[in-house]
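**Q**
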Amino acid sequence: MAASSGIEQRLGEKLSILFRIEGDPEHPHSEVIGLLQRVTVDEAGARTLAVCRRDGSVVEVAEADVVRLKFIPIRGGPFRAPASWGSG
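Here this note's numbering runs 7 ahead of the position in the sequence shown, where the first position is 1.
(1) Which whole-angstrom value is the C-beta distance of GLU38 and LEU56, which I expect to be below 8 Å?
(2) In the DSSP assignment, find the beta strand (DSSP E) that holds GLU67 and state where it starts and stops.
(3) My output table needs one value for GLU38: the three-state DSSP class, helix, strand or coil.
(4) Identify whether ALA53 lies in helix, strand or coil by the three-state DSSP scheme.
(5) Residues in the same chain with beta-carbon distance under 6 Å from LEU25, minus the five sequence neighbours each way, listed in chain order, please.
(6) For ILE14, which three-state DSSP category applies?
(7) On the CB-based measure, 16 or more other CB atoms within 10 Å of its CB, does VAL68 come out buried or exposed?
(8) Which value, in whole angstroms, describes the spacing of the CA atoms of VAL65 and ILE40?
(9) Are ARG45 and LEU22 closer than 8 Å when you measure CB to CB?
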């Protein structure tokens, strides 16, 4: 898995994630590009990455399904969280 253990420190950064999906043998992977909104850890220690797309939709990807993860530099200044993210 390409994600480092310090991925929580990179919230708000733009990234691309190629991940495995099930149910379509012709297309076993999908990709999401957006801002890393949150990283959650379940009781078993498995992490899930939530990525906010440009349209505001959020895609959650289990870290175990990540094939490739790449951070993309954002041009145009510092990151500002969208209001839709709320304060908590």
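Ideal placement from N, C-alpha and C gives every residue a C-beta, glycine not left out.
**A** On the basis of the supplied data:
(1) As a position in the sequence shown, residue 38 is number 31, starting the count at 1. As a position in the sequence shown, residue 56 is number 49, starting the count at 1. Not confirmed; about 13 Å, so no contact.
(2) Position 60 of the sequence shown, counting from 1, holds the residue named residue 67. DSSP places GLU67 inside the beta strand (DSSP E), whose first and last residues are 65-69.
(3) Counted from its first residue, the sequence shown places residue 38 at position 31. Looking at GLU38 - three-state DSSP - the assignment turns out to be strand.
(4) Taking the sequence shown and counting its residues from 1, one reaches residue 53 at position 46. If DSSP states are grouped into helix, strand and coil, ALA53 belongs with coil.
(5) Against the sequence shown, residue 25 aligns to sequence position 18. Here the set comprises HIS36, GLU38, VAL74 and ARG75.
(6) The count along the sequence shown starts at 1 and reaches residue 14 at position 7. Note: ILE14 maps to helix in three-state DSSP.
(7) Taking the first residue of the sequence shown as 1, we reach residue 68 at position 61. Classification for VAL68: buried.
(8) Counting from 1 along the sequence shown, the entry for residue 65 is found at position 58. Counting from 1 along the sequence shown, the entry for residue 40 is found at position 33. Annotation: VAL65 to ILE40 spans about 10 Å, alpha carbon to alpha carbon.
(9) For the purposes of this step, residue 45 is taken as the residue at position 38 of the sequence shown. For the purposes of this step, residue 22 is taken as the residue at position 15 of the sequence shown. Their beta carbons are not under 8 Å apart, which means ARG45 does not touch LEU22 by this criterion.
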